[in-house]
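For the sequence shown, the working numbering begins at 75 and goes up steadily by one. By construction, the Cβ of each residue, glycine as well, lies at the ideal position given by its N, Cα and C atoms. Here the structure is laid out as C-alpha cells; the discussion comes afterwards.
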Amino acid sequence: MPVAQLLTSLPDVDPLRFESEKAIRCFAGQSWQWDGVRFDMLHPTRASYDDETVKDNNRGCVLRIAAGKNVALIPADIEARAEQKLLDSNRAALRAQVLVAPHHGSKTSSIPEFVRAVDPRIVIYPVGYRNRFGHPHVDVEERYLRQGSHVYRNDRDGAVTLHMGAAEAIKVTPHRATYRRYWQTPLMGDAVPDPDEL
Numbered sequence: 075m076p077v078a079q080l081l082t083s084l085p086d087v088d089p090l091r092f093e094s095e096k097a098i099r100c101f102a103g104q105s106w107q108w109d110g111v112r113f114d115m116l117h118p119t120r121a122s123y124d125d126e127t128v129k130d131n132n133r134g135c136v137l138r139i140a141a142g143k144n145v146a147l148i149p150a151d152i153e154a155r156a157e158q159k160l161l162d163s164n165r166a167a168l169r170a171q172v173l174v175a176p177h178h179g180s181k182t183s184s185i186p187e188f189v190r191a192v193d194p195r196i197v198i199y200p201v202g203y204r205n206r207f208g209h210p211h212v213d214v215e216e217r218y219l220r221q222g223s224h225v226y227r228n229d230r231d232g233a234v235t236l237h238m239g240a241a242e243a244i245k246v247t248p249h250r251a252t253y254r255r256y257w258q259t260p261l262m263g264d265a266v267p268d269p270d271e272l
C-alpha cells in the first residue's frame, strides 16, 4: 500500500522515519476526514518534543477514529503518565467502543481511571505469541474484564478485523476463529462462538 505521509512521534534518528518520504510529527489538534470518517490526534502536545523528561513511550501518537457514533481509540505505547495527562486535558474524547490496549497491556499502562473513562466494549491486545515481556499483564486483563470489555489478543485470535459503519453495530472478525485450519475444526457437538454474537 503506498504511503503518502507518516505521522509519528519516533525520534528523528529512528530508522523507521526514513521508510516514508514524508514523515512528520504527530501532535494533539491534528484532524482530518476521509470518506465520512473523522480522525483526531489527541496526544502528544507539541511542547513534549522539547521536554527531555518525557519518555518516548509517553509521547506516542494517540489517535481517535469516529464513524458516526462508533469510536475506536488507538493509544500507541503510552503509559500511566500520558494516560493521566489525557484524563486531565481531554477526558470526554476518550470514551470509545473499541480500544487497542495501551502499551500492549503492560502493567505500566491502563490505569483504572483511564479504563473507566474509555469504558470500551472491545479491547484488543496487540501482543506476540509468548512475548518476552509477558504482555498483557494479568492485573490489566482483570481491569478490563471487570469493566465488562470483550477481549481479543493477537497471539490467540490472530488479526482482528473491525467493521465500523456510521449507523451500524461494530462487527468483529477474529481471523483464527473464522479461518481455521482443518485440524482446528471442532468435533461435532463442540461449541464454536459466533463472532457476530460477541
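Check your understanding: Going by DSSP, what residues sit across from Phe113 in a beta bridge?
Key -> If you number the sequence shown from 1, residue 113 lands on position 39. Paired residues: Trp106 and Ile139.
Point to revise | For Gly239 and Leu210, believed in contact at Cβ under 8 Å, the rounded distance | key: Your numbering for residue 210 matches position 136 in the sequence shown. Your numbering for residue 239 matches position 165 in the sequence shown. Sequence inspection shows Pro at residue 210; the Leu mentioned does not correspond to that position. Actually they are not in contact, since the Cβ atoms of Pro210 and Gly239 sit about 29 Å apart, beyond 8 Å.
Practice item. Determine the extent of the alpha helix (DSSP H) in which Leu161 is found, giving its start and end residues. Key: Within the sequence shown, numbered from 1, the residue matching residue 161 stands at position 87. Here the alpha helix (DSSP H) through Leu161 covers Ala154 to Asn164.
**Study point:** alpha helix (DSSP H) runs contained entirely in the segment 172 to 206, provided each spans 4 or more residues
**Key:** 186 to 192
Point to revise | Nonlocal neighbours in the same chain, by C-beta distance under 8 Å from Arg195, ignoring five residues either side | key: In the sequence shown, residue 195 corresponds to position 121, counting from 1. Correct list, in chain order: Gln171, Val172, Gly222, Ser223, His224 and Ile244.
Check your understanding: If you draw a straight line from the alpha carbon of Asp86 to that of Thr127, how long is it in whole angstroms?
Key -> Here residue 86 corresponds to residue number 12 of the sequence shown, with the count starting at 1. Here residue 127 corresponds to residue number 53 of the sequence shown, with the count starting at 1. If you take the alpha carbons of Asp86 and Thr127, they lie about 17 Å apart.
Check your understanding: If we ignore side chains and look at the alpha-carbon of each, how far apart do Ile152 and Gly142 end up?
Key -> On the sequence shown, position 78 is the one that residue 152 refers to. On the sequence shown, position 68 is the one that residue 142 refers to. Roughly 26 Å between the two C-alpha positions.
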